[in-house]
Structures are given as C-alpha cells and as structure tokens.
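J.: Structure below; questions to follow.
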Amino acid sequence: MKDISNKIRDIAVKLFQEKKIDIFIGWEKGALEFQTRPLIARNEADAAKLVFDEYAIHNLATLLLKFRDGGEKIGIVAKGCDSRSMVRLLEDRQFQRERLYIIGVGCPGMKDPLQAMAKHTGLKKINADGNGVAAKCLDCVQPNPVIYDELLGSQQAPQQSGERFARVAALEKMSADERYRFFEETLSKCIRCYACRQVCPACNCRTCIFDEMKPQWVGRENSTTDNMMYHLVKASHMAGRCVECGECERACPVDIPLMLLNQKLIKDVNAFFGPYEAGMSYIEGAKPPLSSYAEKDPDDFI
Numbered sequence: 160m161k162d163i164s165n166k167i168r169d170i171a172v173k174l175f176q177e178k179k180i181d182i183f184i185g186w187e188k189g190a191l192e193f194q195t196r197p198l199i200a201r202n203e204a205d206a207a208k209l210v211f212d213e214y215a216i217h218n219l220a221t222l223l224l225k226f227r228d229g230g231e232k233i234g235i236v237a238k239g240c241d242s243r244s245m246v247r248l249l250e251d252r253q254f255q256r257e258r259l260y261i262i263g264v265g266c267p268g269m270k271d272p273l274q275a276m277a278k279h280t281g282l283k284k285i286n287a288d289g290n291g292v293a294a295k296c297l298d299c300v301q302p303n304p305v306i307y308d309e310l311l312g313s314q315q316a317p318q319q320s321g322e323r324f325a326r327v328a329a330l331e332k333m334s335a336d337e338r339y340r341f342f343e344e345t346l347s348k349c350i351r352c353y354a355c356r357q358v359c360p361a362c363n364c365r366t367c368i369f370d371e372m373k374p375q376w377v378g379r380e381n382s383t384t385d386n387m388m389y390h391l392v393k394a395s396h397m398a399g400r401c402v403e404c405g406e407c408e409r410a411c412p413v414d415i416p417l418m419l420l421n422q423k424l425i426k427d428v429n430a431f432f433g434p435y436e437a438g439m440s441y442i443e444g445a446k447p448p449l450s451s452y453a454e455k456d457p458d459d460f461i
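Take the sequence shown: its position 21, counting from 1, is numbered 180 in our numbering, and each next residue is one higher.
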C-alpha cells in the first residue's frame, strides 16, 4: 500500500498546484501503527502527510457534509463503501458532483484499529477474523469504487466469509415474542451517544428528528422505550439508503449489532422493490425505492 500512498500524495499535491481543489480529504498516521485517522488537507504541506494503509477504515464520505453549503472544490479518496456513500449523497442532493475529484482505491479489507488497540492494551478482543480484518469488511459486496475520477491499485474481490444475511436469517426464525425480547434486551444497553448517527453518511438531515425539542419525539432520559424508538426510526430512515459501510456498528461503544436492523431492511427492500443495492451506480436524478413513487404503485394496503 506504500505505492498507493505515494500516488495519493502526488495527485493531491498536483491538484493543489493546479488550483483544481481547495481541500483534500484522506488519512494520516497517528502516533501508533494502528492509528490511521482522517485528514482534511488544505495545502501542499498537509498533503505530504497523506497515507493509505490497512487501517484506513473510516468512511470519508461523511466528512463531505461539513462542506455541503460551501463552494470548495474537494479531492477525496474513496474505497468501495466510501464511493457508494458518495453516490447516496449525490442522489440526496447533499453535494454536487462537479465539486468532487474522487481518487478510487480497491479495498482489500481493512483492519479494525479498535481490535488492534484491544491487543495493544490487553483489553478484551472485539469481532474480527483471524487476520484482524474488521468484522464489517466480512460482509462487503463491493470493495471497489463505483464512482471515481482516477483509479489506483488493482480490483479486489469481496471478503465475504459466509452467508451475507446469516444474522438476519436467525432473527427471522424467532417468534414475534422472541424478537421483542431480543431487541428489548439489546437496545436497553444503548446510551444514546448518537455515535452511530454521526458516522453515517445516510444520516444527512440538517435537523435530526431526535434533536427536535418542539415536539420532543424521544425523551432525554436513557429508557428502553426511547432507545427502541430511536433505533427503529433511524433504521427505517436507512431503508433503501444504507450502503453497508458498517461504521455505525463499529463506532458503537456498547457493541449493539446495528447492522442487523439495517441488513434486514436491505434484504426486504431488495425482495420487494429489487433487485436493488444502494449506491452501486450514479445516475443523475435517480432515487432509492422508498424515495420515489408512481401513480400505478400498488395501494392495497391503504
């Protein structure tokens, strides 16, 4: 990956020199080997810090929302899930394609820095395969960028190690009462820190329903009822829009299996409206299934 890092730096520097961009979004190294973190470079000196390695796991597309109201031209590095997220932002009209210069990189499967930190500190391990590949990468269906201006590296094969919807299948086998008890127990752990919302590129509403005070949709106290309200509403908003980047589940400090809900809805949207996978290609003006309608749509449920 050192060669890709060098190419990313060279491209970023050239874009700054030619005044084609005002900002470049990528990654830089921290103090420890596993501390690869997002970097917003604003000049050539910053661009010299850019890297791409096995810990470049963050979905950089979310950072674009910080600049959606400006006019800056932005260069950005995109793995498969990052690029799918960018497609979704473009479809939601949160960003304009002409403002972006996308450097696509095939993703071989990232290592989770949280797993590496657990080993470094002696804390309990979290989910990953034997090689330290992040759990979220094991369900990946598209490791290669779907939208880009330049493509670096070689095409990568998905890391999938088993049935994509295995957890969903187990959930669907439960009775209604069993499912309720499962979610009641699971979501009771939520501390409503909203980390899952903050890292999600599909959570791009300017004012979130859960920040509203008049009316107040959920209480500020940490109750199981309000937790369930938050997660079910959030998951329903992701229907047809989640690109399975898995950052929500990875960022959760109490290990709630958030992708279980998202994957259930991905499976159902594909079954009812498909074949459909969110963010797989950019077609100007396209919308996900639940964001569009036709007069001939079935309405037997009304």
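Positions of the beta carbon are idealized from the N, C-alpha and C atoms, including for glycine.
Do C411 and N218 have their C-beta atoms closer together than 8 Å?
T.: Contact flag unset, no.
J.: Counting only the same chain and skipping the five closest in sequence on each side, list residues whose C-beta sits under 8 Å from that of G189.
T.: Cβ within range, chain order: T195 and R196.
J.: Nearest by alpha-carbon distance to I425: which of E443, F254 and P448 is it?
T.: If we check each option's Cα against that of I425, P448 comes out closest.
J.: In angstroms with no decimal places, state the Cα-to-Cα distance between L174 and L224.
T.: Approximately 21 Å between the Cα atoms of the pair.
J.: If you check the beta carbons only, do L209 and I235 fall under 8 Å apart?
T.: Their beta carbons are not under 8 Å apart, which means L209 does not touch I235 by this criterion.
J.: If contacts are defined as beta-carbon pairs under 8 Å, then Y441 and L249 qualify, I think. What distance do you get, rounded to the angstrom?
T.: Going by Cβ atoms, the distance from Y441 to L249 rounds to 6 Å, so yes, they are a contact pair.
J.: Below 8 Å on the Cβ atoms is my contact criterion, and I expect Q301 with M439 to pass it. Report the Cβ-Cβ distance as a whole number of Å.
T.: So it is a contact: roughly 7 Å between Cβ atoms.
J.: Quick check on D228: buried or exposed, where buried means 16 or more other Cβ atoms within 10 Å of its Cβ?
T.: By the neighbour-count rule (16 or more Cβ atoms within 10 Å), D228 is not buried but exposed.
J.: Is L191 buried or exposed, if buried means 16 or more other CB atoms sit within 10 Å of its CB?
T.: With fewer than 16 other Cβ atoms within 10 Å, it is exposed.
J.: Quick one: what's P197 bridged to in DSSP?
T.: W186, per the DSSP bridge assignment.
J.: Could you give the distance in angstroms between the alpha-carbon of S313 and the alpha-carbon of K238?
T.: The alpha-carbon atoms of S313 and K238 are separated by roughly 12 Å.
J.: According to DSSP, which residues form a beta bridge with K270?
T.: Looking at the DSSP assignment, K270 forms a beta bridge with V292.
J.: State yes or no: is the C-beta of R326 within less than 8 Å of the C-beta of P416?
T.: A contact, by the Cβ cut-off of 8 Å.
J.: Nearest to A277 by alpha carbon, out of G265, P267 and A293?
T.: Per the Cα distances, A293.
J.: Nearest-angstrom Cα distance between A204 and D456?
T.: Going from the Cα of A204 to the Cα of D456 covers about 55 Å.
J.: Please confirm whether E213 and K270 have their CB atoms less than 8 Å apart.
T.: For E213 and K270, yes; Cβs fall inside 8 Å.
J.: Report the CB separation of L330 from L419 in whole angstroms; it is logged as a contact under 8 Å.
T.: L330 to L419, Cβ: 6 Å. Contact.
J.: Going by DSSP, what residue range makes up the alpha helix (DSSP H) through G263?
T.: Not the alpha helix (DSSP H): G263 falls in the beta strand (DSSP E), residues L259 to V264.
J.: How long is the line joining the alpha carbons of E344 and F211, rounded to whole angstroms?
T.: Approximately 39 Å, taken between the alpha carbons.
J.: May I ask which residues mark the beginning and end of the beta strand (DSSP E) holding G234?
T.: Residues I233 to A237.
J.: Under a three-way DSSP split, which group does L223 fall into?
T.: L223 falls in the helix class under three-state DSSP.
J.: Tell me the DSSP secondary structure of L408 in three-state form.
T.: In the sequence as displayed, the identity of residue 408 is Glu instead of Leu. Three-state DSSP puts E408 in a helix.
J.: Name the two residues that bound the continuous alpha helix (DSSP H) containing E144.
T.: Residue 144 is absent from the model: the chain starts at 160 and stops at 461.
J.: Consult DSSP for V210 and reduce its assignment to one of helix, strand or coil.
T.: In this structure, V210 counts as strand in the three-state DSSP scheme.
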